[in-house]
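Report on the following structure.
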Amino acid sequence: MDQAREDGQKEMKLIRFGEQGRESPGVILEDSTSRDVSGFTRDYDEAFFADNGVSRLKFWLQDNAAAAPRIAESVRLGPPIARPSKIVCIGLNFHDHAKESKMEIPKEPVIFFKATSSLVGPNDDLVIPKNGSKVDWEVELAVVIGKRASYIEREDALEYVAGYVLHNDYSERAFQLERGGQWVKGKSADTFAPLGPFLATRDEIPDPGDLNMWLKVNGAFRQRSSTREMIFDVPTLVSYVSQFMTLLPGDVISTGTPAGVGLGMRPPQYLKAGDIVELGIDRLGESRQMVSAWQPLAVDLAPATR
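Read in order, the letters of the sequence shown are residues 2 to 307 in the working numbering.
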């Protein structure tokens, strides 16, 4: 148990809020109020997590929570962590999804990457990429690493976890499966990694292997499952990934999706502009993305004036 909890510090959830690309750090306290904590830390980035930031922030809030500025409910939420060094994803990690995909149960975790530039806030629009035609949804539990991890054992793995967050691992299936090469091509478009609404610290999720999860498209359930369906659990995944790369504080491991993706429907169904995707996981909140079509950036062709 961390020292802040032993000293009676209330639970907190990490959020980032404000204009896209200029978010500030905040917390949701146990009384459901949201507070700006930029007086304590610049951001929830690698340096914050590496310096035992979660525990130190709990101590700071004991004396400073009441004076910290309140955050208006109308303010946009960004992803609850700053851009990490990497987003590692796990494929085919649910028994029901492997069955739906008509694929064998993996003997070892399937690993692929998602570009960190795909990271957005939980309720930002999902933009269909240029030439995209098969955009799919995937509700997932994501793990945020709390300290540098390399060659760690499974029994020690949870000590390296800072917390957990809701993730929609969007995929462009034609890019992923029909264009040759690695899955990363179908996973990395801008807006394809909405995280949040908040990061729940590790002590708030005592059993990440027993969380209900769901996703709706236009109000209809598409995914309804539980992390109990995972083939490889969170400690196994954290340990396994650390055998192949050093995990840095703030890195994300997204642990796979259950059955119910558009690719698995007969016939397959994919997202189109105007669709609404809603999703949630027990104790990790809910998010909502509206689907929009890609548009080229506007270019001002007017002559410069002096």
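Even glycine gets a Cβ: it sits at the ideal position worked out from N, Cα and C.
Environment of residue i [buried if 16+ CB atoms lie within 10 Å]
i, result
"residue 297", "exposed"
"residue 177", "buried"
"residue 79", "buried"
"residue 192", "buried"
"residue 4", "The predicted model places residue 4 with a pLDDT of 43, which falls under 50 and marks its position as unreliable, so this point remains unresolved."
"residue 134", "exposed"
"residue 266", "exposed"
"residue 141", "buried"
"residue 87", "buried"
"residue 67", "exposed"
"residue 183", "exposed"
"residue 292", "buried"
"residue 219", "exposed"
"residue 139", "buried"
"residue 207", "exposed"
"residue 268", "exposed"
"residue 213", "exposed"
"residue 70", "exposed"
"residue 100", "exposed"
C-beta atoms of residue i and residue j nearer than 8 Å
i, j, result
"residue 226", "residue 95", "yes"
"residue 195", "residue 270", "no"
"residue 244", "residue 152", "yes"
"residue 128", "residue 239", "no"
"residue 98", "residue 259", "yes"
"residue 148", "residue 83", "no"
"residue 13", "residue 59", "yes"
"residue 167", "residue 39", "no"
"residue 15", "residue 200", "yes"
"residue 89", "residue 277", "no"
"residue 223", "residue 261", "yes"
"residue 257", "residue 146", "no"
"residue 162", "residue 115", "no"
"residue 122", "residue 215", "no"
Residues sharing a beta bridge with residue i, DSSP
i, result
"residue 95", "231"
"residue 16", "27"
"residue 37", "27"
"residue 195", "121"
"residue 71", "36"
"residue 202", "164"
Close-in-space but distant-in-sequence residues of the same chain around residue i (CB under 7 Å, 5 per side omitted)
i, result
"residue 229", "210, 211"
"residue 24", "17, 18, 79"
"residue 72", "18, 27, 35, 36, 37"
"residue 264", "137, 174"
"residue 285", "165, 166, 167, 201"
"residue 131", "295"
Residue-chain proximity (residue i, chain B), Cβ-Cβ < 8 Å
i, result
"residue 222", "Absent from the structure is chain B; it holds one protein chain and no more."
Own chain partners of residue i with C-beta closer than 6 Å, once the 5 adjacent residues on each side are dropped
i, result
"residue 172", "137, 187, 188"
"residue 107", "93"
"residue 44", "26, 83"
"residue 1", "Because the chain is modelled from 2 through 307, residue 1 falls outside the range shown and cannot be assessed."
"residue 205", "12"
Cut-off 8 Å between Cβ atoms - residues of its own chain near residue i, not counting five sequence neighbours on either side
i, result
"residue 159", "203, 235, 236, 239"
Taking the runs of the alpha helix (DSSP H) that are 4 residues or longer, which of them lie wholly in the region 211-298? 235-243
Enumerate, from N- to C-terminal direction, the unbroken alpha helix (DSSP H) stretches of 4 or more residues contained entirely within the region 93-171. 96-101
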